[in-house]
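Below is one structure, written out as structure tokens; comments come after it.
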Amino acid sequence: MARRKFATLKSFLNYIGVEGDRTIFTWVSASEGDRWAQVIKGVTEKVKAMGPAGKLVKKEAKRLLLEKKADVIIGYEKGTLPLTATPCFITAPEEADKLVWNNLCTQNLAKYVHDLITAHKNSQKRVKPEDRKKKVIGVVARGCTTRSLIIHLQERQYGRDEIYIIGVPCDGYVDGKGLKVAIGGADIVDGSLDGGQIKMKTSDGDKTVALKDVLADCCKTCRFNNPIISDVMVGQNAPAMNPDAEYNEVKEFEGKPIEERWAYFIKEMDKCMRCNACRQACPSCYCPTCFVEQSQPQWVGIGEDKADTQVFQFMRLYHMVGRCVDCGSCVSVCPMGVDLRKFLKKIDKDGWEMFGSRAGSSMEDMPPLGKYDEHHDKGDFVYNP
């Protein structure tokens, strides 16, 4: 009876698109509590190693291209360096097999969605109105990516019918810099995800690191592990990480003397070499002409004056009020290790505590700086903010 139930269950799961390797059948008696725990741990690690339905992502991408519901799919493929994944652009169904989805996928792909749609619209400006074509972008999107897409839609950067969202659950991505520190700076020759561990061959020999120990800081306290919006959901929902600790670091910093806080800001800004990597990677930075490059008037000098660097970072950070989704893109690309998240998370905290708003968390909720509430926004705010 039990065997038959399992056989039919496994067949049905496969029918609806759940890979057979994601289920296991074994006998455990009521007295074998330890063995039961071992079985559960083993199955969990095996499924996590497979990634959250990576094959289903490929299948869905291939279907969209075959049915011409999308002109291009933006996703991830295996990187050229060990333990990396890189954004890729799929335009033919047969290319979908190179798509991957795992804990090595770091970039917020909403950045590329905006870039592609903007480039296409610019290319259509010289085309007769009746000959203009709409381009639909498919994108593999986790929670923070969909939050950025919502911000784009709220700011009318493109229409909802111009994107097709393949939603995927996420349990965090690996912080490449943190991984390097964890293995003592050794060069990674080869490596793989193995359940809850990362196994590597390095210049200093074989090493193993727990995945949870090298997740990006933004992932460790993430509350948006699943897409906010999607056209199709691939995989099962992931639980929130540790959202209760989301603002702990900010609260600790708020409790320090103002002189100490300013000294820390100066110290971090002194690291900045104005490479603009944070701006280029940010999915919410898409002004045609950045304030940094404006000359009439000139807001910030283009040299290496420390005051200009501080103003650049302060203004860019403040432009993220109600727009930062804590995806970690700016932190991951900064070559100097500037602690940008310490300041961005404060902006996020204020948006929630002052206005009850979290960036990109709802299509219906307007950005906090773009709406007026007659009950809370009093006329004397200039004198009593």
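Residues 1 to 385, numbered by the working numbering, are exactly what the sequence shown covers, in order.
We put the CB at the ideal spot given by N, CA and C, even for glycine.
Name the two residues that bound the continuous beta strand (DSSP E) containing residue i.
{"i": "residue 286", "result": "Residue 286 -> no beta strand (DSSP E), and no H or E assigned at all."}
{"i": "residue 140", "result": "137-141"}
{"i": "residue 190", "result": "188-194"}
{"i": "residue 418", "result": "No answer is possible for residue 418: the residues shown for the chain start at 1 and end at 385."}
At the level of alpha carbons, what is the spacing between residue i and residue j?
{"i": "residue 210", "j": "residue 197", "result": "4 Å"}
{"i": "residue 295", "j": "residue 250", "result": "35 Å"}
{"i": "residue 289", "j": "residue 235", "result": "39 Å"}
{"i": "residue 230", "j": "residue 110", "result": "13 Å"}
{"i": "residue 189", "j": "residue 104", "result": "16 Å"}
{"i": "residue 15", "j": "residue 279", "result": "For residue 15, the predicted structure reports a pLDDT of 29, less than 50, and the residue's modelled location is therefore unreliable. A value from the coordinates is still provided. One C-alpha to the other measures close to 45 Å."}
{"i": "residue 123", "j": "residue 115", "result": "12 Å"}
{"i": "residue 243", "j": "residue 268", "result": "26 Å"}
{"i": "residue 367", "j": "residue 351", "result": "9 Å"}
{"i": "residue 2", "j": "residue 37", "result": "Any reading at residue 2 must be qualified, since the residue scores a pLDDT of 47, below 50, and its modelled position is unreliable; the value itself is stated next. Straight-line Cα distance between these residues: approximately 21 Å."}
{"i": "residue 164", "j": "residue 66", "result": "14 Å"}
{"i": "residue 307", "j": "residue 298", "result": "14 Å"}
{"i": "residue 247", "j": "residue 342", "result": "10 Å"}
{"i": "residue 227", "j": "residue 177", "result": "26 Å"}
{"i": "residue 96", "j": "residue 78", "result": "12 Å"}
{"i": "residue 202", "j": "residue 181", "result": "13 Å"}
{"i": "residue 286", "j": "residue 344", "result": "18 Å"}
{"i": "residue 128", "j": "residue 120", "result": "14 Å"}
{"i": "residue 262", "j": "residue 252", "result": "14 Å"}
{"i": "residue 102", "j": "residue 169", "result": "10 Å"}
{"i": "residue 301", "j": "residue 291", "result": "11 Å"}
{"i": "residue 200", "j": "residue 265", "result": "36 Å"}
{"i": "residue 143", "j": "residue 239", "result": "12 Å"}
{"i": "residue 364", "j": "residue 153", "result": "11 Å"}
{"i": "residue 34", "j": "residue 26", "result": "14 Å"}
{"i": "residue 370", "j": "residue 92", "result": "40 Å"}
{"i": "residue 106", "j": "residue 100", "result": "12 Å"}
{"i": "residue 68", "j": "residue 57", "result": "16 Å"}
{"i": "residue 260", "j": "residue 141", "result": "39 Å"}
{"i": "residue 314", "j": "residue 205", "result": "43 Å"}
{"i": "residue 208", "j": "residue 214", "result": "11 Å"}
For residue i, which residues from the same chain have a beta carbon less than 7 Å from its beta carbon, with the 5 sequence-adjacent residues on both sides left out?
{"i": "residue 8", "result": "Reliability of the predicted coordinates at residue 8 is poor, the pLDDT of 45 falling under 50, and no value is obtained from them."}
{"i": "residue 277", "result": "333, 334 and 335"}
{"i": "residue 309", "result": "269, 272 and 274"}
{"i": "residue 82", "result": "188, 189, 190 and 191"}
{"i": "residue 11", "result": "In this predicted model, residue 11 has a pLDDT of only 45, less than 50, meaning its place in the structure is not dependable; the value taken from the coordinates is given anyway. Here the set comprises nothing."}
{"i": "residue 281", "result": "111, 329, 330 and 333"}
{"i": "residue 4", "result": "With a pLDDT of 45 at residue 4, under the threshold of 50, the modelled position of this residue cannot be trusted; read the value that follows with caution. Hits under 7 Å: none found."}
{"i": "residue 84", "result": "104"}
{"i": "residue 241", "result": "172, 219, 220, 221, 222 and 225"}
With a threshold of 7 Å (Cβ to nearest heavy atom), would residue i be considered close to the ligand ATP?
{"i": "residue 176", "result": "Among the components modelled here there is no ligand, and therefore nothing to report on the ligand ATP."}
What does residue i pair with, by DSSP beta-bridge criteria?
{"i": "residue 75", "result": "88"}
{"i": "residue 83", "result": "Paired residues: none, contrary to the question."}
{"i": "residue 163", "result": "137"}
{"i": "residue 208", "result": "199"}
{"i": "residue 100", "result": "76"}
{"i": "residue 232", "result": "166"}
Note down, in chain order, each residue of its chain lying with its Cβ closer than 6 Å to the Cβ of residue i, except the 5 sequence neighbours on either side.
{"i": "residue 340", "result": "330 and 331"}
{"i": "residue 233", "result": "167"}
Is there a Cβ from chain C that is less than 8 Å from the Cβ of residue i?
{"i": "residue 73", "result": "Given the protein chain composition of this structure (a single chain), no chain C is represented."}
Can you name the start and end residues of the alpha helix (DSSP H) that residue i belongs to?
{"i": "residue 264", "result": "258-271"}
{"i": "residue 306", "result": "306-318"}
{"i": "residue 178", "result": "176-182"}
{"i": "residue 334", "result": "Note, residue 334: premise wrong, no alpha helix (DSSP H); not H, not E."}
{"i": "residue 61", "result": "54-66"}
{"i": "residue 252", "result": "248-254"}
{"i": "residue 355", "result": "341-355"}
{"i": "residue 369", "result": "Looking at the DSSP string, residue 369 is not in any alpha helix (DSSP H), and its letter there is neither H nor E."}
{"i": "residue 118", "result": "110-123"}
{"i": "residue 218", "result": "217-220"}
{"i": "residue 277", "result": "277-281"}
Grab me the residues of residue i's own chain with a C-beta within less than 8 Å of its C-beta, minus the 5 sequence neighbours each way, in chain order.
{"i": "residue 317", "result": "340, 343, 344 and 347"}
{"i": "residue 60", "result": "166, 232 and 234"}
{"i": "residue 237", "result": "169, 225 and 226"}
Does the contact criterion of 3 or more C-beta pairs under 8 Å hold for the region 155-173 versus the region 214-221? yes
Touching by the beta-carbon criterion (3+ pairs, under 8 Å), the region 83-91 and the region 149-160: no
If we count Cβ pairs, one from each stretch, closer than 8 Å, do we get three or more for the region 314-325 versus the region 344-359? yes
Please determine if the region 60-78 and the region 121-137 are in contact, where contact requires at least 3 C-beta pairs separated by less than 8 Å. yes
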